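2 protein chains.
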Amino acid sequence: MSNIKVGLVQHTCGSQKSANISDSLAAIAEAATAGAELVVLQELHCSPYICQVEEVEQFDWADPIPGLTVQTFAEAAKRHEIVLVTSLFEKRAPGLYHNTAVVFEKDGSIAGKYRKMHIPDDPAYYEKFYFTPGDLGFEPIDTSVGRLGVLICWDQWYPEAARLMALAGAELLIYPTAIGYETTDEEAEQQRQLDAWRSIQRGHAVANGLPVVCVNRTGFEPDWSGQTKGIHFWGRSFVAGPQGEILFEAPQDRACTKVIEIDKDRTEAVRRIWPFFRDRRIDAYQGLLKRYLD
Amino acid sequence: MSNIKVGLVQHTCGSQKSANISDSLAAIAEAATAGAELVVLQELHCSPYICQVEEVEQFDWADPIPGLTVQTFAEAAKRHEIVLVTSLFEKRAPGLYHNTAVVFEKDGSIAGKYRKMHIPDDPAYYEKFYFTPGDLGFEPIDTSVGRLGVLICWDQWYPEAARLMALAGAELLIYPTAIGYETTDEEAEQQRQLDAWRSIQRGHAVANGLPVVCVNRTGFEPDWSGQTKGIHFWGRSFVAGPQGEILFEAPQDRACTKVIEIDKDRTEAVRRIWPFFRDRRIDAYQGLLKRYLD
Numbered sequence: 004m005s006n007i008k009v010g011l012v013q014h015t016c017g018s019q020k021s022a023n024i025s026d027s028l029a030a031i032a033e034a035a036t037a038g039a040e041l042v043v044l045q046e047l048h049c050s051p052y053i054c055q056v057e058e059v060e061q062f063d064w065a066d067p068i069p070g071l072t073v074q075t076f077a078e079a080a081k082r083h084e085i086v087l088v089t090s091l092f093e094k095r096a097p098g099l100y101h102n103t104a105v106v107f108e109k110d111g112s113i114a115g116k117y118r119k120m121h122i123p124d125d126p127a128y129y130e131k132f133y134f135t136p137g138d139l140g141f142e143p144i145d146t147s148v149g150r151l152g153v154l155i156c157w158d159q160w161y162p163e164a165a166r167l168m169a170l171a172g173a174e175l176l177i178y179p180t181a182i183g184y185e186t187t188d189e190e191a192e193q194q195r196q197l198d199a200w201r202s203i204q205r206g207h208a209v210a211n212g213l214p215v216v217c218v219n220r221t222g223f224e225p226d227w228s229g230q231t232k233g234i235h236f237w238g239r240s241f242v243a244g245p246q247g248e249i250l251f252e253a254p255q256d257r258a259c260t261k262v263i264e265i266d267k268d269r270t271e272a273v274r275r276i277w278p279f280f281r282d283r284r285i286d287a288y289q290g291l292l293k294r295y296l297d
Numbered sequence: 004m005s006n007i008k009v010g011l012v013q014h015t016c017g018s019q020k021s022a023n024i025s026d027s028l029a030a031i032a033e034a035a036t037a038g039a040e041l042v043v044l045q046e047l048h049c050s051p052y053i054c055q056v057e058e059v060e061q062f063d064w065a066d067p068i069p070g071l072t073v074q075t076f077a078e079a080a081k082r083h084e085i086v087l088v089t090s091l092f093e094k095r096a097p098g099l100y101h102n103t104a105v106v107f108e109k110d111g112s113i114a115g116k117y118r119k120m121h122i123p124d125d126p127a128y129y130e131k132f133y134f135t136p137g138d139l140g141f142e143p144i145d146t147s148v149g150r151l152g153v154l155i156c157w158d159q160w161y162p163e164a165a166r167l168m169a170l171a172g173a174e175l176l177i178y179p180t181a182i183g184y185e186t187t188d189e190e191a192e193q194q195r196q197l198d199a200w201r202s203i204q205r206g207h208a209v210a211n212g213l214p215v216v217c218v219n220r221t222g223f224e225p226d227w228s229g230q231t232k233g234i235h236f237w238g239r240s241f242v243a244g245p246q247g248e249i250l251f252e253a254p255q256d257r258a259c260t261k262v263i264e265i266d267k268d269r270t271e272a273v274r275r276i277w278p279f280f281r282d283r284r285i286d287a288y289q290g291l292l293k294r295y296l297d
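Shown next, in the form of structure tokens:
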């Protein structure tokens, strides 16, 4: 048996960094008290979703690694003796920023980091302005609770990312995310988008025989430029098992801290009955390295 | 507008080849009468699912291409002026067989063929005994109703296959399949498997912004070796739109011929709001060509 208790921390974020961090820290404590050995925070949990507008002032939100913010979460991991997946706006150098998940060990040391590889850019999600695409590849992070396939938000739409983490031995796929409804979308379109987001991540679970932990922010955040009507982040953080079965889903419209037990060994059982890795046609996949086959 | 009326033909198969073919032909006629321009048959629709047992006698079911069976379906395509996706047990040479989808044009000519690339082998699904893995790659087939990304059954578990078809310009993903419950599986496991099968294919739709047409056989077929308790094929042929939204789902336990209208142009709209192809990290996908990254 190799069960792991994973804490999911879904909350709103406001304009005060210290308040956002306090919210995360309180929920980490709550999850740890409830037995979590691994806690996963949502994407960019220290700030509002700044990418709704392209403004140079927003770079003030970024943190160096190491730095004060990193130190704060390192201490939380150590205090609660948990492995902690954070999602930070990394300032690597003047003019060079990444969307970076920093993973802390139970002793507060940095187990590893992942820099978001696929960067979106859509109205209200202007991430290409802020984040240089990751240069660390799709490398799982080894921790005392297992080898973690940490990816971030937009990565969740790419089967390639999940597959590469799985091929490198990841035991869990983990997605901190920040996604929601554009307020003017009609309800049917909102529902299709939510279902699509769930379907594709459940699909990654199935294709790779891996559990998926997805932690999304909740709450409404206005677009202060007035260009759009703001984003209703749709919460609904979830855990799926290695057949894509939903083990837990958080509510849409409010904060939620929840500890879910995942049986990592089910990967072994599921991959025995569905041995997809056995039959991959690696002799015929060269086209995957092309932009388009025209 | 570029709507296409697709006919799905889900039925049982018995031990008489002529009866199985008659069933398919009657359903093709029904779908054509209902306006279908494209008709998709289920996997290996001319025979029972022979792969429940490894027996050399079963090779008698195979057909050469061209040959009498091919001629029969060519004539049906021509008679009804439809594009027709069939799924045949191809005898290519003595001792060399494939699981092959032959696609016919409206004039009865062969538009192209696809040989199943990923071959399963599990108790009651001994396909590796019968089928040499395909050697035609993941090439869409151009027809008068569009460029068709035809894949077959086990391929449906591989995001790589769907992606390669999409990158090569497929406008629809099409999966003839033959999958069902092993009768002794407990009900919760049966439900997880069915959901997984739907989730991963809906995921292919989402990842690639493409509609998916999946046609599965129905009915119970005994395992004449007595090794297992036979397969309840789960029917539930379905059509999903390019956000993975279910447009139609057939019943589980009976034959079903249905014509569904698909708006191929929604791919354009969906790929504008979700431009996943723009951001693929082809510089970092080399690992996809490896068996495992150890």
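Going line by line, the protein sequences match chains R and Y.
Numbering-wise (the working numbering), the first sequence opens with residue 4 and increments by one.
Numbering-wise (the working numbering), the second sequence opens with residue 4 and increments by one.
Note that beta-carbon positions come from the ideal geometry of N, C-alpha and C, so glycine has one too.
Model, not experiment: these values are computed from the prediction.
Around the C-beta of Gly-137 of chain Y, are 16 or more other C-beta atoms found within 10 angstroms, so that it is buried, or is it exposed?
Around the CB of Gly-137 of chain Y, 16 or more other CB atoms lie within 10 Å, so the residue is classed as buried.
Within 7 Å (strictly less), CB to CB, does Ile-177 of chain Y reach chain R?
In terms of beta-carbon proximity, Ile-177 of chain Y stays away from the interface with chain R, with every pair separated by 7 Å or more.
Trp-237 of chain Y by DSSP, collapsed to three states: which one?
In this structure, Trp-237 of chain Y counts as strand in the three-state DSSP scheme.
Buried or exposed: Asn-211 of chain R, going by 16 or more other Cβ atoms within 10 Å of its Cβ?
Buried, by the Cβ-count rule.
Could you tell me which chain R residues have their CB closer than 8 Å to the CB of Leu-99 of chain Y, listed as they occur along the chain?
For Leu-99 of chain Y, no chain R residue has a C-beta closer than 8 Å to its own C-beta; the minimum C-beta separation is roughly 18 Å.
With DSSP collapsed to three states, give me the class of Ser-5 of chain Y.
Coil at Ser-5 of chain Y, not helix or strand.
List the endpoints of the continuous beta strand (DSSP E) containing Val-42 of chain R.
Where Val-42 of chain R is concerned, the enclosing beta strand (DSSP E) stretches over 41–44.
Applying the 10 Å Cβ sphere with the 16-neighbour rule, what's the burial state of Leu-71 of chain Y?
In this structure Leu-71 of chain Y is exposed. Its beta-carbon is surrounded by fewer than 16 other beta-carbon atoms within 10 angstroms.
List the whole-angstrom C-beta distance separating Val-262 of chain Y from Gly-38 of chain Y, where the pair is believed to meet the contact cut-off of C-beta under 8 Å.
For a cut-off of 8 Å, the C-beta gap from Val-262 of chain Y to Gly-38 of chain Y is around 6 Å, short enough to register as a contact.
Whose CA, out of Y:Asp-125, Y:Ile-7, Y:Ala-181 and Y:Tyr-129, lies closest to the CA of Leu-91 of chain Y?
Selection Y:Asp-125, Y:Ile-7, Y:Ala-181 and Y:Tyr-129 evaluated against Leu-91 of chain Y yields Y:Ala-181 as nearest (Cα-Cα).
Quick one: what's got a C-beta closer than 8 Å to Ala-164 of chain Y's C-beta in the same chain, skipping five residues either side?
So the qualifying residues of the chain are Met-120, His-121, Phe-141, Leu-154 and Asp-158.
Is there at least one Cβ from chain R nearer than 7 Å to Trp-237 of chain Y's Cβ?
Interface criterion not met: the Cβ of Trp-237 of chain Y is under 7 Å from no Cβ in chain R.
Pop quiz: Asn-23 of chain R and Ser-5 of chain R are said to be a contact at Cβ under 8 Å. What is the actual Cβ separation, rounded to whole angstroms?
So it is not a contact: roughly 33 Å between Cβ atoms.
Measure how close the beta-carbons of Gly-149 of chain Y and Lys-267 of chain Y come, nearest whole angstrom, since I'm counting them as under 8 Å.
At roughly 6 Å, the Cβ-Cβ gap stays under 8 Å, so Gly-149 of chain Y and Lys-267 of chain Y are in contact.
Going by C-alpha to C-alpha distance, which of R:His-235, R:Glu-264 and R:Gln-246 sits closest to Thr-15 of chain R?
For the residues R:His-235, R:Glu-264 and R:Gln-246, the minimum Cα distance to Thr-15 of chain R belongs to R:His-235.
Leaving out five residues on either side along the sequence, give the residues of the same chain with a beta carbon under 6 Å from the beta carbon of Leu-296 of chain Y.
Listed in chain order, the non-local C-beta contacts of Leu-296 of chain Y below 6 Å within the same chain comprise Gly-290, local neighbours out to five positions each way being set aside.
Distance, Ser-25 of chain Y Cα to Glu-224 of chain Y Cα
So the alpha carbons of these two residues sit roughly 19 Å apart.
Measure from the C-beta of Asp-266 of chain R to each C-beta in chain Y and report whether the shortest distance is under 7 Å.
At a cut-off of 7 Å between beta-carbon atoms, Asp-266 of chain R makes no contact with chain Y.
Start and end residues, alpha helix (DSSP H) containing Tyr-300 of chain R:
Limits of chain R in this structure are 4 at one end and 297 at the other, which puts residue 300 of chain R out of reach.
Taking the continuous beta strand (DSSP E) assigned at Ile-263 of chain Y, which residues delimit it?
Run containing Ile-263 of chain Y: 259–266, per the beta strand (DSSP E) assignment.
Please report the distance separating the alpha-carbon of Ser-240 of chain R from that of Gly-206 of chain R.
If you draw a straight line from the Cα of Ser-240 of chain R to the Cα of Gly-206 of chain R, it comes to about 16 Å.
Output yes if chain R places a C-beta closer than 7 Å to the C-beta of Leu-47 of chain Y; else output no.
It does not; no Cβ of chain R falls within 7 Å.
Going by Cα to Cα distance, which pick from Y:Gln-45, Y:Trp-200, Y:Thr-231 and Y:Cys-54 is closest to Gly-10 of chain Y?
Comparing Cα positions, the closest option is Y:Gln-45.
Are Ile-53 of chain R and Gln-61 of chain R closer than 7 Å when you measure CB to CB?
Result yes, Cβ atoms of Ile-53 of chain R and Gln-61 of chain R sit closer than 7 Å.
Pairs of beta-carbons, one from the segment 172–187 of chain Y and one from the segment 212–223 of chain Y, closer than 8 Å: are there three or more?
Using a Cβ-Cβ distance cut-off of 8 Å, the segment 172–187 of chain Y and the segment 212–223 of chain Y are in contact, since at least three pairs of beta carbons, one from each stretch, lie closer than that value.
How far does the alpha helix (DSSP H) with Ala-104 of chain Y in it extend, from its first residue to its last?
In the DSSP annotation of this structure, Ala-104 of chain Y is not part of any alpha helix (DSSP H); the continuous beta strand (DSSP E) holding it starts and ends at 99–107.
Measuring CA to CA, which of Y:Tyr-161, Y:Arg-166, Y:Gly-183 and Y:Gly-17 is closest to Leu-197 of chain Y?
With respect to the C-alpha of Leu-197 of chain Y, the residue from Y:Tyr-161, Y:Arg-166, Y:Gly-183 and Y:Gly-17 having the closest C-alpha is Y:Gly-183.
Do Thr-186 of chain Y and Gly-233 of chain Y have their CB atoms nearer than 7 Å?
Going by C-beta atoms, Thr-186 of chain Y is nearer than 7 Å to Gly-233 of chain Y.
Report yes or no: is there a C-beta of chain Y within less than 7 Å of the C-beta of Tyr-295 of chain R?
The Cβ of Tyr-295 of chain R sits closer than 7 Å to at least one Cβ of chain Y.
Contact criterion: CB-CB distance below 7 Å. Does Met-168 of chain Y meet it with respect to chain R?
No, its Cβ sits nowhere closer than 7 Å to a Cβ of chain R.
Smallest Cα separation from Trp-237 of chain R: which of R:Phe-251, R:Val-59 and R:Trp-200?
With distances taken between Cα atoms, Trp-237 of chain R lies closest to R:Trp-200.
Give me the residue from Y:Ala-127, Y:Ile-31, Y:Pro-254 and Y:Ile-113 with the minimum Cα distance to Asn-219 of chain Y.
Nearest C-alpha to Asn-219 of chain Y: Y:Pro-254.
Along the chain, where does the beta strand (DSSP E) containing Ala-114 of chain R start, and where does it finish?
Going by DSSP, Ala-114 of chain R is part of the beta strand (DSSP E) stretching over 113–118.
Straight-line gap, Gly-222 of chain Y to Ser-18 of chain Y (C-alpha atoms, nearest Å):
Put simply, the backbone Cα of Gly-222 of chain Y is about 13 Å away from that of Ser-18 of chain Y.
With a 10 Å radius around its C-beta and 16 neighbouring C-beta atoms as the bar for buried, classify Ala-34 of chain Y as buried or exposed.
The C-beta of Ala-34 of chain Y has 16 or more other C-beta atoms within 10 Å across all chains shown, which makes the residue buried.
Whole angstroms is fine: what's the gap from Gln-13 of chain Y's alpha carbon to Leu-292 of chain R's?
One Cα belongs to Gln-13 of chain Y, the other to Leu-292 of chain R, and the distance between them is close to 36 Å.
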